[in-house]
Amino acid sequence: MTVRNLFLLPGDGIGPEAMAEVRKIITYMNAEMAGGFTTDEGLVGGCAYDAHGAAISDADMAKAMAADAVLFGAVGGPKWDDVPYEVRPEAGLLRLRKDMELFANLRPAICYPALSDASSLKPELVEGLDILIVRELTGGVYFGEPKEIIDLGNGQKRGIDTQVYDTYEIERIAGVAFELARTRGNRVCSMEKRNVMKSGVLWNQVVTATHKAKYSDVALDHMLADAGGMQLVRAPKQFDVIVTDNLFGDMLSDVAAMLTGSLGMLPSASLGSPDAKTGKRKALYEPVHGSAPDIAGKGIANPIAMIASFAMCLRYSFNLVKEADTLEKAIANVLDKGVRTGDIMADGARQVGTVEMGDTILAEF
Ligand code: ATP
Ligand code: MG
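Here UniProt numbering is used: the first residue of the sequence shown is 1, the next is one more, and so on.
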């Protein structure tokens, strides 16, 4: 029988409140489904610091490494503003990403029909929008050496960051993008700045070669990243999968986020390389939003980003495509019925809290 191991890291702020709604869905699925899930739970962020002086303990880190998938809530809050830098709440997430080698960050921008008027764009431009941004997460200018500020001695200083990409890093992120495209609209648009950057020239060459070698059934386009940003706000529905580097991906995925409305709606996934023996990828799923200390403990947080992150987990870690589709449909249906948390409230809608939103989605599931 298939064993599916989930490791839950609810974290701080609204993280635990949102995770509680996912736990209900897991419990329901376990009663309905052969095998189901085994779950274990740990501490990350400020709560981990309070318990054992680290943003994540070695024991919990080992559990995350051993799990089929990690579900992550959110970390941080004003309570931990003054803790030492190395053990600040965010260090927990950074360690997870680094030790699990999560090089591919997946950020879907989906516009639910009921929320198309919440976009920064005209509703007709975003209605039915469904794009996936695949951002390289462990390389590029965020990590390249040298990275320093040099004192030039004449009252001048020089800040240096270095954009570095090796062939293998581009090949593996391109591979993820092409494979995902096959499960969706079968189109990839690769974005770089080959007109001014050598790493962009290499990026373009390697994506093209990877496409030719293994994925020629997928349609491939290239766009300069600045033009890509413009196209994202001009006519976002032209895109299916966008693959890009760490820095451009950071910016473009935030742009795409604003096409869909609220922060409380956006899921994400981070994937590693397939295991040599099992072929399974390490994976971590988390909402895009943070711990939202201003609303934590009030029972009003929108759990949809966390629930949609779990839907991504069903799809990408366990190939439970039908269940993932059904869960995403349940979210869309609930929105169609005018059930809303405060952050996505609209005229004539019925406002609910975190728990009721979770219950309503579960009832539709
Ligand atoms: P971080 O630094 O952890 O990314 P942040 O300061 O960028 O955090 P978030 O915590 O993501 O910001 O949220 C910003 C604001 O958006 C919150 O203060 C909250 O008001 C609102 N918000 C975020 N997530 C949600 C949610 N799930 N439901 C309702 N409101 C939310
Ligand atoms: Mg933030």
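Quick reminder that beta carbons are idealized off the backbone N, C-alpha and C, glycines included. Given the structure is predicted, the values throughout are model-derived calculations rather than measurements.
Just to confirm the assignment, what range does the beta strand (DSSP E) spanning residue i have?
i: Phe178; result: Taken as a continuous stretch (DSSP letters only), Phe178 belongs to no beta strand (DSSP E), being part of the alpha helix (DSSP H) at Thr167 to Arg182.
i: Thr326; result: Unbroken run through Thr326 is the alpha helix (DSSP H), Val321 to Asp336; no beta strand (DSSP E).
i: Leu102; result: Taken as a continuous stretch (DSSP letters only), Leu102 belongs to no beta strand (DSSP E), as it is neither H nor E.
i: Tyr285; result: Arg281 to Pro287
i: Asp151; result: Glu148 to Asp151
i: Ser268; result: Pro267 to Pro274
i: Pro10; result: Arg4 to Gly11
i: Asp130; result: Asp130 to Glu136
i: Cys189; result: Arg187 to Glu192
i: Lys157; result: Lys157 to Ile160
i: Thr38; result: Phe37 to Glu41
i: Gly73; result: Ala69 to Ala74
Whole angstroms are fine: how far does the CA of residue j sit from the CA of residue i?
i: Gly348; j: Ser116; result: 16 Å
i: Leu271; j: Asp161; result: 25 Å
i: Leu108; j: Leu132; result: The sequence shown places Pro at residue 108, not Leu. When rounded, the distance between both Cα atoms is 4 Å.
i: Asp130; j: Ile242; result: 11 Å
i: Asp217; j: Ala209; result: 13 Å
i: Asp35; j: Ala91; result: Note on residue identity: the sequence assigns Gly, not Asp, to residue 35. Roughly 34 Å separates the two Cα atoms.
i: Arg95; j: Leu8; result: 16 Å
i: Trp80; j: Glu124; result: 43 Å
i: Arg23; j: Pro303; result: 11 Å
i: Leu266; j: Arg350; result: 21 Å
i: Leu263; j: Tyr28; result: 27 Å
i: Thr183; j: Lys122; result: 28 Å
i: Ala276; j: Met65; result: 15 Å
i: Gly338; j: Ala114; result: 8 Å
i: Gly261; j: Met345; result: 11 Å
i: Leu137; j: Ala104; result: 6 Å
i: Met197; j: His211; result: 21 Å
i: Pro287; j: Met306; result: 5 Å
i: Glu179; j: Asn333; result: 29 Å
i: Ile56; j: Ala256; result: 31 Å
i: Asn319; j: Ala363; result: 23 Å
i: Ile110; j: Asp359; result: 22 Å
i: His52; j: Glu41; result: 15 Å
i: Gly297; j: Phe37; result: 28 Å
i: Tyr112; j: Val352; result: 18 Å
i: Ala20; j: Leu335; result: 20 Å
Please classify residue i as buried or exposed, where buried requires at least 16 other C-beta atoms within 10 Å of its C-beta.
i: Glu328; result: buried
i: Tyr85; result: exposed
i: Val207; result: buried
i: Pro78; result: exposed
i: Asn195; result: exposed
i: Asp60; result: buried
i: Pro274; result: exposed
i: Glu192; result: buried
i: Gln163; result: buried
i: Lys63; result: buried
i: Val126; result: buried
i: Asn246; result: buried
i: Ser120; result: exposed
i: Ala18; result: buried
i: Met33; result: exposed
Measuring CA to CA, which of the options is closest to residue i?
i: Tyr203; options: Glu169, Val218, Glu179 and Met230; result: Here the sequence assigns Trp to residue 203, which means Tyr is not the residue at that position. Closest option to Trp203, Cα to Cα, is Glu169.
i: Leu232; options: Leu259, Lys214, Val206 and Ala213; result: Leu259
i: Pro16; options: Ala114, Ile295 and Thr326; result: Ile295
i: Thr39; options: Cys47, His52, Ala69 and Ala48; result: Ala69
i: Asp50; options: Val87, Phe37, Lys147 and Arg23; result: Val87
i: Pro89; options: Cys47, Thr360 and Lys63; result: Cys47
i: Gly229; options: Tyr215, Ala54 and Thr244; result: Thr244
i: Ala67; options: Leu362, Asn154, His52 and Cys313; result: Cys313
i: Leu93; options: Glu356, Leu43 and Val83; result: Leu43
i: Ile361; options: Val321, Ile25 and Lys214; result: Ile25
i: Val134; options: Asn5, Leu152, Ala269 and Cys111; result: Ala269
i: Ala118; options: Arg340, Gly358, Phe365 and Glu356; result: Arg340
i: Gly299; options: Thr354, Thr278 and Tyr316; result: Thr354
i: Ser309; options: Asn30, Leu106 and Gly175; result: Leu106
Locate the alpha helix (DSSP H) running through residue i, then write down its first and last residues.
i: Cys313; result: Ile304 to Phe318
i: Ser253; result: Asn246 to Thr260
i: Asp226; result: Ala225 to Arg234
i: Lys24; result: Gly15 to Glu32
i: Val126; result: Pro123 to Val126
i: Glu86; result: It is not in any alpha helix (DSSP H) - Glu86 carries neither H nor E in the DSSP assignment.
i: Tyr49; result: Gly46 to His52
i: Ala213; result: Lys198 to Lys214
For chain D, check one thing: does any of its Cβ atoms lie closer than 8 Å to the Cβ of residue i?
i: Glu171; result: Note that chain D does not occur in the displayed structure, where there is just one protein chain.
**Request:** Would you check if the segment 61 to 73 and the segment 233 to 246 touch, i.e. whether three or more CB-CB distances between them fall below 8 Å?
**Result:** With fewer than three CB-CB distances shorter than 8 Å, the segment 233 to 246 does not count as touching the segment 61 to 73.
**Prompt:** Counting pairs of beta carbons, one from the segment 213 to 229 and one from the segment 94 to 105, are three or more of them closer than 8 Å?
**Reply:** Too few Cβ pairs lie closer than 8 Å, so no.
**Prompt:** Quick one: any contact between the segment 11 to 20 and the segment 282 to 295, if contact means 3 or more CB pairs under 8 Å?
**Reply:** The segment 11 to 20 is in contact with the segment 282 to 295.
**Prompt:** Just checking, does the segment 273 to 290 make contact with the segment 319 to 327 on the three C-beta pairs under 8 Å criterion?
**Reply:** Too few Cβ pairs lie closer than 8 Å, so no.
**Prompt:** Are there three or more Cβ pairs, one per stretch, closer than 8 Å when the segment 173 to 189 is compared with the segment 150 to 161?
**Reply:** Flag = no, the segment 173 to 189 and the segment 150 to 161 do not touch.
**Message:** Counting beta carbon pairs with one atom in the segment 244 to 264 and one in the segment 140 to 147, are three or more of them shorter than 8 Å?
**Reply:** The segment 140 to 147, when compared against the segment 244 to 264, does touch it at the 8 Å Cβ threshold.
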